[in-house]
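*Asks:* FYI, in the UniProt record's numbering the residues of the sequence shown are 1 to 119.
Yeah, the Cβ is synthetic: ideal placement off N, Cα and C, and Gly gets one too.
What you are looking at is a predicted structure, and each value in this text was computed from that prediction instead of being measured.
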Amino acid sequence: MDINYDKNGLVTVVVQDNKTGKILMVAWSNKEAVELTIKTGYAHYFSRSRKKIWKKGEESGHVQKITEILIDCDCDALLYKVHQEGGACHTGYDSCFYRTVDGKIVGNKIFDPDKVYAN
Numbered sequence: 001m002d003i004n005y006d007k008n009g010l011v012t013v014v015v016q017d018n019k020t021g022k023i024l025m026v027a028w029s030n031k032e033a034v035e036l037t038i039k040t041g042y043a044h045y046f047s048r049s050r051k052k053i054w055k056k057g058e059e060s061g062h063v064q065k066i067t068e069i070l071i072d073c074d075c076d077a078l079l080y081k082v083h084q085e086g087g088a089c090h091t092g093y094d095s096c097f098y099r100t101v102d103g104k105i106v107g108n109k110i111f112d113p114d115k116v117y118a119n
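Spelled out as structure tokens, the structure:
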């Protein structure tokens with residue numbers, strides 16, 4: 001199936017825990033990152049700020065093992081169902097969706113980012 005990348009060559013990727021159904025994060029991927037994800041079985045994304053591909057967990061060890069990839073009806077968004085090792089969020093939470101819009105913390109902090117990203 002052909003993916004409809006945006007004008008910048010990117011596609012939105014929603015990431016979901018394959019067992020719980022919890023949404024873990026939203027990221028961007030370009031064609032090369034999607035191909036790497038399919039080839040390796042581990043989630044790769046494109047950093048818009050750093051302008052480069054990165055493998056989730058390359059620094060922290062908190063990798064995302066792909067269990068299934070779905071595409072939406074317009075072919076312009078992907079859903080990665082994953083087995084998450086450690087936390088999905090660089091802030092230390094299990095999900096990037098760890099707070100409400102009024103700032104209340106509702107997620108689980110499972111690691112100290114200062115210790116994980118010490119370098």
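(1) Inspect the CB distances between the segment 84-103 and the segment 24-37 and report whether three or more fall short of 8 Å.
(2) Hey, could you find the ends of the beta strand (DSSP E) Lys-39 is sitting in?
(3) Lys-51: buried (16+ other C-beta within 10 angstroms of its C-beta) or exposed?
(4) Cα separation between Lys-22 and Asp-102?
(5) Which residue comes first and which comes last in the alpha helix (DSSP H) that contains Asp-114?
(6) Apply the 10 Å Cβ neighbour rule to Cys-73 and answer buried if 16 or more other Cβ atoms are within range, or exposed otherwise.
(7) Starting from the C-beta of Thr-12, find all residues in its chain whose C-beta is less than 6 Å away, skip the five residues before and the five after it, and write them out in chain order.
(8) Pick out the complete alpha helix (DSSP H) segments inside the UniProt domain "Phosphoribosyl-AMP cyclohydrolase" (25-98), 4 residues or longer, and give them in chain order.
(9) When the Cα atoms are used, what is the spatial distance from Lys-19 to Asp-6?
(10) Less than 6 Å between C-beta atoms, sequence neighbours within five positions excluded: which residues of the same chain meet that for His-62?
*Replies:* Taking the geometry as given:
(1) Counting Cβ pairs under 8 Å, three or more are found: they touch.
(2) Element bounds for Lys-39: not the beta strand (DSSP E) but the alpha helix (DSSP H), 31-40.
(3) A residue is called buried once 16 or more other Cβ atoms fall within 10 Å of its Cβ, and Lys-51, having fewer, is exposed.
(4) Distance between the alpha carbons of Lys-22 and Asp-102: 21 Å.
(5) Run containing Asp-114: 113-116, per the alpha helix (DSSP H) assignment.
(6) It is exposed - the Cβ of Cys-73 has fewer than 16 other Cβ atoms within 10 Å.
(7) Ala-77.
(8) Whole alpha helix (DSSP H) segments, 4+ residues: 31-40.
(9) Looking at the two C-alpha atoms, the distance is approximately 30 Å.
(10) Excluding its 5 nearest sequence neighbours in each direction, His-62 has C-beta neighbours in its own chain below 6 Å: Glu-85, Gly-86, Gly-87, listed in chain order.
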